[in-house]
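Just so you know, the sequences run in chain order G and S. At position 86 of the first sequence (counting the first as 1) the number is 86 in our numbering, and the numbers step up by one without a gap. Quick note, our numbering runs 218 ahead of the 1-based positions in the second sequence. Just so you know, even glycine gets a beta-carbon here, dropped at the ideal spot from N, CA and C. As the structure is a prediction and not an experimental result, all values here were calculated from the model. Below: the structure, in structure tokens.
2 protein chains.
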Amino acid sequence: MSQVRVHNFSVSLDGFATGIGQSLHEPFGHAGGRLHEWFFATRTFRAMHGEAGGTTGIDDALAGMWAPGIGAEIMGRGKFGPQRGPWSGQAGRAEWNGWWGAEPPFHTPVFVLTHHPRPSIEMAGGTTFHFIDAGPVESLALARKAAGHSDIRLGGGPSTVRRFLAADLVDHLHITVVPIVLGRGERLWDGLEGLEQRFAVESVSSPSGVTHQIFTRR
Amino acid sequence: MSQVRVHNFSVSLDGFATGIGQSLHEPFGHAGGRLHEWFFATRTFRAMHGEAGGTTGIDDALAGMWAPGIGAEIMGRGKFGPQRGPWSGQAGRAEWNGWWGAEPPFHTPVFVLTHHPRPSIEMAGGTTFHFIDAGPVESLALARKAAGHSDIRLGGGPSTVRRFLAADLVDHLHITVVPIVLGRGERLWDGLEGLEQRFAVESVSSPSGVTHQIFTRR
């Protein structure tokens, strides 16, 4: 069976994976880019954006596991955009096609979980956004069908990862703990007491200051 | 000036430093011993209890920084015991002298923060418990006077460490992140947004599975 994988999922010391006040200009709200500086600095991230250079140590090694073997992604609507509610009726909503420009880095089908379905959007480079009103089990069945024998990436945000973890549908979870105290936002760990009993956990600190934690389902 | 140091302060992935339901039998409530297994296994901890053996790697190296150079400890009442309110009027209260037996491992004056002062208790081995109704600044002045030129250990629990951090009175903070999700309890990080701006942070993961984070005040 194909695996369900979470990669490069950054959390603060106090467990927040995103801040408050998400907007078009601040996808992670008041957290800004602080949770992902380690990722932006990697060769993997820079190459995704057509840039040369970048770090090539442990941060990059883990960052680079993001793409290989993935056949589809599932993401929450908050990762796709800052809008809530219906897609029509407000300026710019119907045209919104994500934060990632004309050629998103996914290159696979992407299933966006929303209570407000809309027609699929086919982007350049192989990414197609599908909008489905479905829970973890149903969306995973759709993603698996689209992915063939490849794995499914669970792209976030925190409430989506939490729901899949609560349903015990995650096989590989790569968390990056960033040494900042965000204070406010959305927590990853709420409602997951005893999660460690279902996973083997490895931790490795990076000279960049972050600590990677890799959860492998037992 | 002498330093204020926190050592071996364990927190769960979700930031809890103690569970709920503290009792005579469970100082850390439903967390049990899970937050401190790494510490119990060290040569340092075993030697404190007159036992031989124990781990001698990075966990022990950091655990062993606990004692040298310390001239006094400050602790919250919850670290001293599970009782709340007045010391008299209930069986066993007036006799309570801590969890640590006749010869506690502190070997210095220990200032217990409580709204219910009581006479000091002199134990074997150089530990004397003083009970004071005082905030961070005042208790630190008393501890410094007792410690001479030596450092002050801030012993916990989480609300006590949090108060001293909020007052910017901590110089050295050694946190150990244990890969468990406690779900409930008392959080260390609440109300400390932006703390990292005041500290340099180093992280090192141990083969035991925990990650040590050392905060040094800038």
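Three-state secondary structure (DSSP) at P376 (chain S)? Here residue 376 (chain S) refers to the residue found at position 158 of the second sequence. Three-state DSSP puts P376 (chain S) in a helix.
Within a Cβ cutoff of 8 Å, which residues of the same chain sit near A31 (chain G), ignoring the five residues on either side of it in sequence? Mapped onto the first sequence, residue 31 (chain G) falls at position 31. So the list reads S12, F16, T18, G19, L182 and G185, once near-sequence residues are dropped.
What would DSSP say about Q213 (chain G), mapped onto helix, strand or coil? Mapped onto the first sequence, residue 213 (chain G) falls at position 213. Residue state, collapsed to three classes: strand.
Which residue's Cα is closest to the Cα of A63 (chain G): G:F40, G:V137, G:I180 and G:V161? Counting from one through the first sequence, the residue named residue 63 (chain G) turns up at place 63. That would be G:F40, whose Cα lies nearest to the Cα of A63 (chain G).
According to DSSP, residues forming a beta bridge with E340 (chain S): Taking the second sequence and counting its residues from 1, the one referred to as residue 340 (chain S) is at position 122. For E340 (chain S), which the question treats as bridged, DSSP gives the partners S:T346.
Proximity test, Cβ basis, 8 Å: P179 (chain G) and chain S: As a first step, residue 179 (chain G) is located in the first sequence; it is residue number 179 there, counting from the start. Interface residue, yes.
E290 (chain S) bridges to which residues according to DSSP? Taking the first residue of the second sequence as position 1, residue 290 (chain S) is located at position 72. Note on residue identity: the sequence assigns Ala, not Glu, to residue 290 (chain S). Its beta-bridge partners are S:I370.
Do T394 (chain S) and F246 (chain S) have their CB atoms nearer than 8 Å? Along the second sequence, read from residue 1 onward, the residue named residue 394 (chain S) stands at position 176. Along the second sequence, read from residue 1 onward, the residue named residue 246 (chain S) stands at position 28. Against a cut-off of 8 Å, the Cβ pair of F246 (chain S) and T394 (chain S) comes out as no contact.
Positions along the segment 106-122 of chain G whose CB lies within less than 8 Å of some CB in chain S: none
Can you tell me which of the three DSSP states R252 (chain S) falls into? If you number the second sequence from 1, residue 252 (chain S) lands on position 34. Coil at R252 (chain S), not helix or strand.
Is H243 (chain S) buried or exposed, if buried means 16 or more other CB atoms sit within 10 Å of its CB? Translated into positions along the second sequence, residue 243 (chain S) becomes position 25. H243 (chain S) is exposed by the Cβ-count criterion.
How many angstroms separate the CA atom of P397 (chain S) from the CA atom of G92 (chain G)? The residue labelled residue 397 (chain S) in the question sits at position 179 within the second sequence. The residue labelled residue 92 (chain G) in the question sits at position 92 within the first sequence. Their backbone Cα atoms lie some 43 Å apart in a straight line.
If distances are taken between C-alpha atoms only, which option among G:P158, G:G156 and G:A141 comes closest to S150 (chain G)? Translated into positions along the first sequence, residue 150 (chain G) becomes position 150. Here the closest residue by C-alpha is G:A141.
Going along the segment 227-241 of chain S in order, which residues come within less than 8 Å of chain G, judged by CB to CB distance? L231, D232 and G233
Quick check: is the beta carbon of V201 (chain G) nearer than 8 Å to any beta carbon in chain S? Within the first sequence, residue 201 (chain G) is the residue found at index 201, counting from 1. So yes, V201 (chain G) belongs to the interface.
Within 8 Å (strictly less), CB to CB, does L169 (chain G) reach chain S? In the first sequence, counting from the first residue as 1, residue 169 (chain G) sits at position 169. Answer no: the Cβ-Cβ gap between L169 (chain G) and chain S never drops below 8 Å.
For R295 (chain S), which residues of its own chain have a beta-carbon under 7 Å away from its beta-carbon, when the five flanking residues on both sides are left out? Here the question's residue 295 (chain S) lines up with position 77 in the second sequence. V330, L331 and T332, listed in sequence order.
Quick one: is K363 (chain S) buried, meaning 16 or more other Cβ sit within 10 Å of its Cβ, or exposed? What you label residue 363 (chain S) is simply residue 145 of the second sequence in a count that begins at 1. So K363 (chain S) ends up on the exposed side.
Of the residues S:G287, S:G268, S:G427 and S:T434, the one placed nearest L253 (chain S), counting alpha carbons only: Along the second sequence, read from residue 1 onward, the residue named residue 253 (chain S) stands at position 35. Of the listed residues, the one whose Cα sits closest to L253 (chain S) is S:G427.
Between T44 (chain G) and M1 (chain G), what straight-line distance do the alpha-carbon atoms span, to the nearest angstrom? Here residue 44 (chain G) refers to the residue found at position 44 of the first sequence. Here residue 1 (chain G) refers to the residue found at position 1 of the first sequence. Their Cα atoms are separated by approximately 27 Å.
Distance between E196 (chain G) and G272 (chain S) (C-alpha atoms, nearest Å): For the purposes of this step, residue 272 (chain S) is taken as the residue at position 54 of the second sequence. For the purposes of this step, residue 196 (chain G) is taken as the residue at position 196 of the first sequence. So the alpha carbons of these two residues sit roughly 25 Å apart.
Sorted by chain position, which residues of the same chain lie with C-beta nearer than 6 Å to L173 (chain G)'s C-beta, five sequence neighbours on each side aside? To locate residue 173 (chain G), count along the first sequence from 1; it is residue 173. Counting only Cβ-Cβ distances below 6 Å, and skipping sequence neighbours, we find V6 and F215.
Thinking C-beta only, is A147 (chain G) closer than 8 Å to A72 (chain G)? Here residue 72 (chain G) refers to the residue found at position 72 when the first sequence is read from its first residue. Here residue 147 (chain G) refers to the residue found at position 147 when the first sequence is read from its first residue. For A72 (chain G) and A147 (chain G), yes; Cβs fall inside 8 Å.
Identify whether S205 (chain G) lies in helix, strand or coil by the three-state DSSP scheme. For the purposes of this step, residue 205 (chain G) is taken as residue 205 along the first sequence, with counting starting at 1. Three-state DSSP puts S205 (chain G) in a strand.
Cutoff 8 Å: L184 (chain G) Cβ touching any chain S Cβ: Here the question's residue 184 (chain G) lines up with position 184 in the first sequence. First, the amino acid is wrong: residue 184 (chain G) is Arg here, not Leu. Interface residue, yes.
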